[in-house]
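Peer 1: Structure in structure tokens, see below.
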Amino acid sequence: MTKPLALINARLIDPVAGTETRGGVLIADGLIADVGTSLTKANLGGDVEVIDCLGDVVAPGLIDMRAFVGEPGAEHRETIASASAAAAAGGVTTIVSMPDTQPVVDDPAVVDFLKRRARDTARVRVLPSAAITKGLKGKEIAELGLLQEAGAIAFSDGTHSIRNTQVMRRAMTYARDFDALIMHFAQDEDLAGSGVMNAGELATRLGLGGIPVEAEAIALDRDMRLVNMIRGKYHAAIISARMSVEIMARAKEAGLPVTCATSINHLTLNENDIGNYRTFCKVSPPLRHELDREALVEALSSGLIDVIVSDHNPQDVETKRLPFGEAENGAIGLETMLSAAIRLVHAGQVSLPRLIAAMTSRPAEILGLPQGRLAKGTPADLIRFDPDEPYVLDPALLHSRSKNTPFDEARMEGRVKLTLVAGEKVWG
Amino acid sequence: MAAPRSPIIFPHRHLLGIEHLSAPDIIQILDVAEEAVALSRKVEKKRHVLSGRTQINLFFENSTRTQASFEIAGKRLGADVMNMSVANSSVKKGETLIDTAVTLNAMRPDIIIVRHHQSGAVDLLARKVDCCVVNAGDGAHEHPTQALLDALTIRRRKGRIEGLTVAICGDVAHSRVARSNMLLLAKLGARVRVVGPSTLLPGGIERMGVEVHRDMREGIKDADIVMMLRLQLERMSGAFVPSLREYARFFGLDEAMLAHAKPDALVMHPGPMNRGVEIDSAVADGPRSLVTEQVEMGVAVRMAVLEALAQNLPKG
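Below, the structure is given as structure tokens:
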């Protein structure tokens with residue numbers, strides 16, 4: 000039995016209450032034993048390891064609802080071990096992995112494999128999501144019941160959008176019987192066509208095919224109508240545009256059981272970051288206009304957007320060092336999500352507790368997880384960071400096996416100093 | 000041979016697009032090209048400014064006239080020119096663009112002329128080599144030497160570019176020629192219109208400093224220059240227009256349509272032409288067509304570009 004651990008003299012962020020207070024956290028047996036202002040060095044018992052946080056922030060560890068891990072099938076880009084090392088360094092204590100692997104996570108045996116690999120090699124919690132449709136092909140429903148029994152936390156077709164409305168309807172209907180969460184990337188694939196970036200003036204200037212915001216809005220609108228019909232739990236896995244924010248607002252107002260996320264890239268970058276054909280800024284959905292980004296930030300601040308995801312998607316030189324049109328989509332993000340997000344706090348656009356909630360308690364509520372809160376009796380997944388500590392991002396120091404970060408050489412603030420999973424130190 | 004003149008000042012290592020050029024840069028290239036026109040009309044066409052230099056024409060996309068034009072331009076200036084078409088290259092064996100670039104770079108060429116089907120591919124290649132790179136067309140992005148040769152052709156016939164009304168007609172969405180011409184003509188003070196069905200006009204084009212017309216008659220009304228674009232059938236991944244005959248009916252340039260332009264309006268086409276689709280043979284072969292002159296100016300402009308870039312090559 001390890002000694003109890005206390006983090007004292009901290010700026011405690013409680014994402015559920017939305018508050019910031021001075022105090023400490025006491026950890027015993029992997030759980031938060033106590034938390035509050037009264038926890039000081041003076042009133043702790045003798046046999047406790049004490050860490051003086053010197054006024055740094057202590058918050059729940061982050062829960063990332065959308066991360067692509069190369070294992071199985073693309074271990075040269077990322078393994079569960081390397082992704083979890085990146086996560087630990089970035090303050091992410093729970094990863095929901097996407098089913099876009101080789102083989103696809105559409106079979107209970109693959110879920111089982113992932114869980115065992117995570118147990119044996121990961122420093123953080125890895126929760127596999129499983130495919131909605133077999134082979135992510137959008138044609139036949141996967142074995143949702145068996146996959147859930149095997150331990151799939153939710154269902155997603157990852158980077159694929161389900162084109163056939165009848166298939167989507169049946170998947171939602173069937174998932175409802177298991178009270179399973181559908182996390183869908185909504186994009187009308189026909190309208191997106193061969194586009195590779197946001198449609199508009201910049202795409203025209205660069206001579207690149209455009210994906211209009213309507214491609215997302217039309218698919219999302221369709222999904223909302225299906226939710227209205229079926230009333231199953233639906234989470235928009237990643238939205239990128241003002242138009243989509245408006246659709247989500249209407250759906251929530253109508254009381255539909257829906258939530259949504261946007262990615263850290265869409266909150267902090269826009270299409271202009273593509274500049275001279277930078278393929279590290281090629282993501283799906285594409286980076287949008289600055290006005291869209293502003294709408295996303297505003298919706299995050301108001302709580303309309305529930306969750307921030309890293310959309311971590313490791314790609315190597317072979318898939319990125321190509322002409323823009325031929326390069327793969329994706330950017331890594333596990334390790335930079337927190338620092339990048341803190342930019343919004345420094346810009347005065349989002350409060351720190353609200354920002355943290357979008358990466359902790361909101362995903363926990365949506366997924367039905369006990370962690371992600373600063374409450375007595377919950378898992379002691381905690382992070383310590385100084386939101387004002389500046390640094391320049393050096394991709395060579397990142398833990399991911401792939402270095403495709405759009406924040407290459409960027410000035411960042413808020414490096415994670417300590418990460419605990421179930422009270423165990425995994426970083427710092 | 001050529002009269003002594005002040006040295007060319009061209010502050011660019013590569014020619015990747017019109018976007019990066021200033022109006023004086025452009026005018027200078029056109030002035031140098033005028034001399035090249037005169038030279039090319041002589042029996043003895045050879046100069047030696049590229050003597051000892053190696054020029055590689057690297058074409059990832061099939062081209063007859065542009066590749067031939069660059070080859071002749073290089074040879075007239077004394078360069079050793081090698082043509083490398085994709086059919087013979089290791090790209091077919093899966094080599095990436097950058098590996099190809101690095102391999103060719105190791106052979107120490109002085110100038111590489113590149114055409115590629117992807118927008119931005121030539122910029123990418125230029126970052127990986129030590130020599131000059133000339134963009135001979137990248138995707139739907141830019142084709143700078145085409146715009147320069149068009150400008151030279153117009154200037155020789157009309158005496159100026161500033162103040163002219165130029166209508167660029169047809170498949171603007173898939174055309175790098177249109178983009179480079181829009182940029183160049185605007186920099187030199189022409190009034191630029193783009194004309195085509197909305198499905199062939201890319202989003203946001205009205206914010207690129209051009210007038211947008213969907214009706215051909217209105218679009219070419221009182222134009223000094225009617226610049227037709229090739230309907231890029233090979234690039235049509237979806238149905239942008241219902242049929243060729245419908246396109247020809249509304250956007251084809253025949254004598255009757257041309258009557259809407261100024262009486263002294265001239266007609267251009269970058270080639271190869273789809274006769275009977277975007278341009279009628281009577282117009283293409285008629286007295287107002289500049290099509291063959293454009294080809295001649297192409298060699299001259301490419302000579303000028305090569306000479307300008309050669310000024311900046313390391314000597315000795």
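Protein chains in written order, with numbering that gives the first Met the number 0: chain X, 0 to 427; chain S, 0 to 315. From the three backbone atoms N, C-alpha and C, an ideal C-beta is built for every residue, glycine too. From a predicted model like this one, the values you see are computed outputs, not experimental measurements.
At a cut of 8 Å, does the stretch 402 to 422 of chain X reach the stretch 338 to 348 of chain X through at least three beta carbon pairs?
Peer 2: Counting Cβ pairs under 8 Å, three or more are found: they touch.
Peer 1: Considering only residues of the stretch 171 to 240 of chain S, which uninterrupted beta strand (DSSP E) runs meet the minimum length of 3 residues and lie entirely inside it, listed in chain order?
Peer 2: DSSP runs (the beta strand (DSSP E)) wholly in the stretch 171 to 240 of chain S: 190 to 194, 210 to 212, 224 to 227.
Peer 1: Chain X beta carbons: is any one of them nearer than 8 Å to that of S/Gln117?
Peer 2: Yes - at least one Cβ of chain X is within 8 Å of the one on S/Gln117.
Peer 1: Taking 8 Å as the CB-CB limit, is S/Leu76 close to chain X?
Peer 2: With 8 Å as the cut-off, S/Leu76 does not count as an interface residue toward chain X.
Peer 1: Identify which residue in S/His142, S/Glu43, S/Asp98, S/Gln54 has its Cα closest to the Cα of S/Ile17.
Peer 2: Selected option, being the one with the closest Cα: S/His142.
Peer 1: Would you kindly report the start and end of the unbroken beta strand (DSSP E) that includes S/Asp149?
Peer 2: Counting along the chain, S/Asp149 falls outside any beta strand (DSSP E), though it belongs to the alpha helix (DSSP H) covering 143 to 157.
Peer 1: Quick check on S/Val276: does DSSP put it in helix, strand or coil?
Peer 2: Note: S/Val276 maps to coil in three-state DSSP.
Peer 1: Using CA atoms only, rank isn't needed, just tell me which of S/Leu123, S/Val211, S/Pro286, S/Gly119 is closest to S/Arg175.
Peer 2: Residue S/Gly119 is the option with its Cα nearest to S/Arg175.
Peer 1: Please report how far the alpha carbon of S/Ala7 lies from the alpha carbon of S/Leu243, in whole angstroms.
Peer 2: Just to set this straight, residue 7 of chain S is Ile in the shown sequence, not Ala. Distance between the alpha carbons of S/Ile7 and S/Leu243: 46 Å.
Peer 1: Nearest CA to the CA of X/Val125: which residue from X/Ala41, X/Leu61, X/Gln101?
Peer 2: Of X/Ala41, X/Leu61, X/Gln101, the residue nearest in Cα terms is X/Leu61.
Peer 1: Answer yes if the stretch 210 to 218 of chain X comes into contact with the stretch 193 to 200 of chain X, meaning at least three C-beta pairs across the two stretches below 8 Å, and no otherwise.
Peer 2: Result yes; three or more Cβ-Cβ pairs closer than 8 Å.
Peer 1: So, are the CB atoms of X/Val490 and X/Leu53 less than 8 Å apart?
Peer 2: Missing from the structure shown is residue 490 of chain X; chain X here goes from 0 to 427 and no further.
Peer 1: Give a yes or no on whether the minimum CB-CB distance between X/Phe279 and chain A is below 8 Å.
Peer 2: Looking at the structure shown, chain A is missing, and the protein chains on hand are X and S.
Peer 1: Fully enclosed by the stretch 371 to 416 of chain X, which beta strand (DSSP E) runs are 3 residues long or longer?
Peer 2: Here the runs fully enclosed are 381 to 384, 389 to 391, 410 to 412.
Peer 1: From which residue to which residue does the alpha helix (DSSP H) around X/Asn8 run?
Peer 2: Not the alpha helix (DSSP H): X/Asn8 falls in the beta strand (DSSP E), residues 4 to 13.
Peer 1: May I have the straight-line CA-CA distance separating X/Leu397 from X/Glu334, to the nearest angstrom?
Peer 2: Spanning the two alpha carbons is a distance of roughly 7 Å.
Peer 1: Which value, in whole angstroms, describes the spacing of the CA atoms of X/Val103 and X/Glu74?
Peer 2: Roughly 14 Å between the two C-alpha positions.
Peer 1: Following a CB-centred definition, is X/Ala170 positioned closer than 7 Å to any heavy atom of the ligand ZN?
Peer 2: Questions concerning the ligand ZN fall outside what the structure shown contains, since it holds no ligand whatsoever.
Peer 1: Where X/Ala88 and X/Gly23 are concerned, what is the direct C-alpha to C-alpha distance, given to the nearest angstrom?
Peer 2: So the alpha carbons of these two residues sit roughly 22 Å apart.
Peer 1: I'd like to know whether the C-beta of X/Pro322 is nearer than 8 Å to at least one C-beta of chain S.
Peer 2: Yes, contact with chain S.
Peer 1: State yes or no: is the beta carbon of X/Asn275 nearer than 8 Å to at least one beta carbon in chain S?
Peer 2: It does: the Cβ of X/Asn275 has a partner Cβ on chain S nearer than 8 Å.
Peer 1: Nearest CA to the CA of X/Asp99: which residue from X/Gly329, X/Ala84, X/Thr261?
Peer 2: The shortest C-alpha separation from X/Asp99 is found at X/Gly329.
Peer 1: Starting from the C-beta of S/Met0, find all residues in its chain whose C-beta is less than 6 Å away, skip the five residues before and the five after it, and write them out in chain order.
Peer 2: Residue placement at S/Met0 is poorly supported in this model, since its pLDDT is 44, which falls under 50; the coordinates are not used for a value here.
Peer 1: From which residue to which residue does the beta strand (DSSP E) around S/Phe58 run?
Peer 2: From DSSP, the beta strand (DSSP E) with S/Phe58 extends over 53 to 58.
Peer 1: Give the secondary structure of X/Ile26 by DSSP, where H, G and I count as helix, E and B as strand, and everything else as coil.
Peer 2: Correct three-state label for X/Ile26: strand.
Peer 1: Determine, using beta carbons only, whether X/Leu392 comes closer than 8 Å to chain S.
Peer 2: By this cut-off, X/Leu392 is not an interface position.
Peer 1: Closer than 9 Å by beta-carbon distance: list the chain S residues that pair up with X/Leu286, in chain order.
Peer 2: Simply none; closest approach about 16 Å.
Peer 1: Taking the alpha helix (DSSP H) that X/Asp189 falls in, what are its first and last residues?
Peer 2: Start and end: 188 to 191.
Peer 1: With a threshold of 8 Å between beta carbons, is S/Pro201 in contact with chain X?
Peer 2: Yes, because at least one Cβ of chain X sits closer than 8 Å to the Cβ of S/Pro201.
Peer 1: Between the stretch 103 to 119 of chain S and the stretch 49 to 57 of chain S, do three or more beta carbon pairs fall short of 8 Å?
Peer 2: Result yes; three or more Cβ-Cβ pairs closer than 8 Å.
Peer 1: Per DSSP, X/Glu423 forms a beta bridge with which residues?
Peer 2: Answer is X/Val420.
Peer 1: Do you know how far the Cα of S/Asp221 is from the Cα of S/Met296?
Peer 2: Their Cα atoms are separated by approximately 25 Å.
Peer 1: Using a beta-carbon distance below 8 Å, is X/Glu188 in contact with chain S?
Peer 2: Judged by the 8 Å Cβ criterion, X/Glu188 is not in contact with chain S.
Peer 1: For X/Thr278, count neighbouring C-beta atoms within 10 Å of its own C-beta (all shown protein chains included) and say buried if the count is 16 or more, exposed if not.
Peer 2: By the neighbour-count rule (16 or more Cβ atoms within 10 Å), X/Thr278 is buried.
Peer 1: So, helix, strand or coil for X/Asp63, using DSSP?
Peer 2: DSSP places X/Asp63 in strand when its eight states are reduced to three.
Peer 1: Label X/Asp105 either buried or exposed according to how many other C-beta atoms from any shown protein chain fall within 10 Å of its C-beta, with 16 as the threshold for buried.
Peer 2: It is buried - the Cβ of X/Asp105 has at least 16 other Cβ atoms within 10 Å.
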